[in-house]
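Data block below; observations after.
Numbering (our numbering), first residue to last: 8 to 308.
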């Protein structure tokens, strides 16, 4: 069970990156697996195929292999283990009963996905550093970590301007530029720590802007990290990918698109973001801008 785990902040392009990574034969984009028990199963949220997970042709068969698990109990383990205050304990390598039971339950989820799809590589866009540490110690799982970073000003613009209904069945709340970017700082710092623990043979950083500029090269780099190039390529040219029908859970509704998908850089935020929001995001992310290769003035790129 090989898992390619995308780390980072929401609104960093993980939906399209996960979709493209999951396009080749033998690779499956599962979406945000950490959300399976709550809110996805609690709400019977729709899979990217449009069907509720209980009727999805993939997830219904995955769930049939997990019928003996008490969903409420696993959801309680999930909340206990993935609370953000738990990250320091997870980073220290601590263990407690809920963590071990949750790891065993989630290892069974990945095993069921592998059995149902026939894919040996699962792309998980869960992003949270805390869940990454759960996956890292999971029995039977061979994990690789990709820290996905996007310009904080683009991320802040998306958090203010993009509105959609989340897996919990309610609109994902918008965030101001300062709030969104402070959260960007925190989650990227946590992601860096996970990447450091994983080591260079298990982790890499990928800027969304580099992926958008050269998606084929980015996919090749991730495949090289995992040491398992997919059988054949889903790329029709350097930017266009033949994407199969998606069965990803949670995440952005744009994940439902299938067929020919052309990856292009997104410049809307440059033209539409309020100057004050751009200044606030730049100031809040200042310690990270040079580290990730972003200029202080976004118009310079």
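Note that the Cβ used here is the ideal one computed from N, Cα and C, for glycine as well.
Have a look at the DSSP bridge pairing and note the partners of residue i.
i	result
residue 32	238
residue 90	DSSP lists no partner for residue 90.
residue 247	269
residue 130	11, 36
residue 214	156
residue 23	Residue 23 is not bridged to any residue.
residue 120	Paired residue(s): none; residue 120 is not in a bridge.
residue 53	59
Quick check on residue i: buried or exposed, where buried means 16 or more other Cβ atoms within 10 Å of its Cβ?
i	result
residue 99	exposed
residue 337	Shown here, the chain extends from 8 to 308; a query on residue 337 therefore has no answer.
residue 17	buried
residue 188	buried
residue 86	exposed
residue 254	buried
residue 224	exposed
residue 103	exposed
residue 289	buried
residue 19	buried
residue 38	buried
residue 26	buried
residue 150	buried
residue 308	A caution first: residue 308 carries a pLDDT of 43, below 50, which makes its placement in the model unreliable, though a value can still be read off. Answer is exposed; the Cβ neighbour count stays below 16.
residue 43	buried
residue 182	buried
residue 243	exposed
residue 279	exposed
residue 146	exposed
residue 62	exposed
residue 9	buried
residue 258	buried
residue 267	exposed
residue 297	exposed
residue 112	buried
residue 71	exposed
residue 197	buried
residue 167	buried
For residue i, which residues in the same chain have their Cβ closer than 7 Å to its Cβ, ignoring the five residues on either side in sequence?
i	result
residue 192	291, 292, 295
residue 137	89, 91, 93, 94, 97
residue 139	12, 14, 152, 201
residue 28	11, 34, 36, 130, 226, 229
residue 217	225
residue 135	41, 89
residue 155	13, 14, 15, 19, 20, 21, 24, 213, 215
residue 239	31, 32
residue 195	15, 16, 156, 295
residue 126	33, 34, 35
residue 148	8, 10, 114, 117, 142
residue 144	110
residue 185	287, 291
If you drop the 5 nearest sequence neighbours on each side, which residues of the same chain put their C-beta closer than 6 Å to that of residue i?
i	result
residue 69	119, 120, 123
residue 4	Nothing about residue 4 can be read from this structure; the chain reaches only from 8 to 308.
residue 64	none
residue 301	158
residue 269	246, 247
residue 205	152
residue 299	156
residue 241	30, 31, 248, 249
residue 164	276, 280
residue 133	39, 40, 41
Between which residues of its own chain and residue i is the CB-CB distance below 8 Å, once the five residues before and five after are set aside?
i	result
residue 263	55, 56, 57, 253
residue 66	54, 60, 254, 256
residue 271	219, 246
Legend entry - Uninterrupted alpha helix (DSSP H) stretches inside the region 142-210 (no shorter than 4 residues): 159-168, 184-205, all fully within the region 142-210.
Legend entry - Sequence ranges, alpha helix (DSSP H) only - wholly within the region 56-81, length at least 4: 66-71, all fully within the region 56-81.
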